[in-house]
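Visitor: Before anything else, here's the structure in question.
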Amino acid sequence: MTQLSLAVDLAGFKLRNPTLNAAGVLGMSPPILKRVYDSGAGAVVTKSIGPEPRTGHSNPTLVRTSDGFLNAMGLPNPGAEYFADEIKTLKEMGVPVVASFFGGTVEEFATVAHTLSRAGADALELNASCPNVCEEMGMLAQDADSLEKVTEAVREETRLPLYVKITPNVTDIKSIARAAVRGGADAITAANTLMGLAIDLEFRRPVLSNVTGGLSGPAVKPVALRCVWEVSKAVNIPVIGSGGVTDWRDAVEFLLAGASAVEIGVAVITHGMTVYGDVANGLRGYLEANGFSSVQEVIGLAHEY
Ligand code: DHB
Numbered sequence: 004m005t006q007l008s009l010a011v012d013l014a015g016f017k018l019r020n021p022t023l024n025a026a027g028v029l030g031m032s033p034p035i036l037k038r039v040y041d042s043g044a045g046a047v048v049t050k051s052i053g054p055e056p057r058t059g060h061s062n063p064t065l066v067r068t069s070d071g072f073l074n075a076m077g078l079p080n081p082g083a084e085y086f087a088d089e090i091k092t093l094k095e096m097g098v099p100v101v102a103s104f105f106g107g108t109v110e111e112f113a114t115v116a117h118t119l120s121r122a123g124a125d126a127l128e129l130n131a132s133c134p135n136v137c138e139e140m141g142m143l144a145q146d147a148d149s150l151e152k153v154t155e156a157v158r159e160e161t162r163l164p165l166y167v168k169i170t171p172n173v174t175d176i177k178s179i180a181r182a183a184v185r186g187g188a189d190a191i192t193a194a195n196t197l198m199g200l201a202i203d204l205e206f207r208r209p210v211l212s213n214v215t216g217g218l219s220g221p222a223v224k225p226v227a228l229r230c231v232w233e234v235s236k237a238v239n240i241p242v243i244g245s246g247g248v249t250d251w252r253d254a255v256e257f258l259l260a261g262a263s264a265v266e267i268g269v270a271v272i273t274h275g276m277t278v279y280g281d282v283a284n285g286l287r288g289y290l291e292a293n294g295f296s297s298v299q300e301v302i303g304l305a306h307e308y
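Positions 4 to 308 (the working numbering) are the ones given, in order, by the sequence shown.
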């Protein structure tokens, strides 16, 4: 019997299976991302890279909540110039890389995209949706016109597959996804973290130094699934699901809802590095047990109810 292939094509970037790590959760050093790949991920996603080095917010930046984590890191990163070398190192190690990036202005988004493309990334993920630096630069993915302009400017700088990661913190995620498509996005990642707040009873104040943070983990899975469902109906480009995927069952739900691949974030903290391979193997078992011969066959199947 021939081995069933889990390969997927994310707008021209071919992955051996549809699992990726979610940006940010594991940092960005090449050895850690190499471990993600070696443990079975289809490709790795870097932490979001900006134009200049940023230290991010002061501690506390992370707090555990019911079935999830709330974080406000403040986009700490070493800057695109420095990180270009890390991408080269990852590529030399044979790791397929999606470079996540952000900027504070249209020009910054375009410049960083240019730098990361030249460094040899396989694809780019435009982080339009960090919830924790809004006072500084607004949340791009909450405004369709701005998102379209930024995506367009980035599109002009790169021929790499361009994924735009959007936020669930909007009234109508479909119109935001359509704006990204008008700007030239090749795929949509749905969705980033959900804005939340944690209060400390004893200190009688917010736990996070930034006050609010982004919620991720199993707690957000139904929201993320709904986002994938809506976005995949609204656009004709691949959707990458992100939000609360812990095991292969979650991954299958996302595929059935319309995702072509899934990003796994918090589960690497709660379940360890083997989670990517475990999800991929479990997905293979599901496909085989149900008579499917490829991942493509299940994408969006739940829409035919
Ligand atoms: C941060 C960025 C994000 O995109 C997110 O979803 C959560 C946190 C941050 O760096 O603060």
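Even glycine gets a Cβ: it sits at the ideal position worked out from N, Cα and C.
The model shown is predicted, which means the values in this text are computed figures rather than measured ones.
In whole angstroms, what is the alpha-carbon distance linking residue 261 and residue 196?
Guide: About 19 Å.
Visitor: Looking at the secondary structure, which residues open and close the beta strand (DSSP E) in which residue 17 lies?
Guide: Unbroken beta strand (DSSP E) run through residue 17: 16 to 18.
Visitor: Let me know the secondary structure DSSP gives residue 168 once reduced to three states.
Guide: Strand.
Visitor: So, residue 36 versus residue 101, is the Cβ gap smaller than 8 Å?
Guide: Taking 8 Å as the Cβ cut-off, residue 36 and residue 101 do not qualify as a contacting pair.
Visitor: Check the C-beta distance from residue 179 over to residue 147 and give it rounded, since I have them as a contact under 8 Å.
Guide: About 6 Å separates the two Cβ atoms, so the contact holds.
Visitor: Near residue 125, what residues of its chain come up, given a Cβ to Cβ distance below 6 Å and the 5 sequence neighbours on each side ignored?
Guide: Result list for residue 125: 16, 99, 100, in chain order.
Visitor: If we count Cβ pairs, one from each stretch, closer than 8 Å, do we get three or more for the region 257 to 277 versus the region 51 to 59?
Guide: Short answer: they don't touch.
Visitor: Counting only the same chain and skipping the five closest in sequence on each side, list residues whose C-beta sits under 6 Å from that of residue 111.
Guide: Contacts found: 54.
Visitor: Helix, strand or coil: how does DSSP classify residue 93 here?
Guide: In this structure, residue 93 counts as helix in the three-state DSSP scheme.
Visitor: Whole angstroms is fine: what's the gap from residue 185's alpha carbon to residue 166's?
Guide: Taking the straight line joining both Cα atoms gives about 13 Å.
Visitor: Give the single residue among 258, 212, 235, 263 whose Cα lies nearest to the Cα of residue 14.
Guide: That would be 263, whose Cα lies nearest to the Cα of residue 14.
Visitor: Could you name the residues of the same chain whose beta carbon sits closer than 6 Å to that of residue 218, not counting the 5 residues immediately before and after it, in chain order?
Guide: 71, 73, 196, 197, 199, listed in sequence order.
Visitor: By DSSP, does residue 209 sit in helix, in strand, or in coil?
Guide: DSSP places residue 209 in strand when its eight states are reduced to three.
Visitor: The ligand DHB heavy atoms versus the CB of residue 192: any closer than 7 Å?
Guide: Answer for residue 192: no, Cβ out of range of the ligand DHB.
Visitor: Between residue 120 and chain D, is any beta-carbon pair separated by less than 8 Å?
Guide: You won't find chain D in this structure, because it holds only one protein chain.
Visitor: State the Cα-Cα distance for the pair residue 170 and residue 290, rounded to the nearest angstrom.
Guide: One C-alpha to the other measures close to 30 Å.
Visitor: Report buried or exposed for residue 253, applying the criterion of at least 16 other Cβ atoms within 10 angstroms of its Cβ.
Guide: Buried, because 16 or more other Cβ atoms sit within 10 Å of the Cβ of residue 253.
Visitor: To the nearest angstrom, report how far apart residue 135 and residue 107 are at their CA atoms.
Guide: Using only the alpha carbons, I get a separation of about 13 Å.
Visitor: Since residue 74 sits in a beta bridge, which residues does DSSP pair it with?
Guide: Its beta-bridge partners are 65, 217.
Visitor: Give the DSSP bridge partners of residue 12, in chain order.
Guide: Bridge partners of residue 12: 17.
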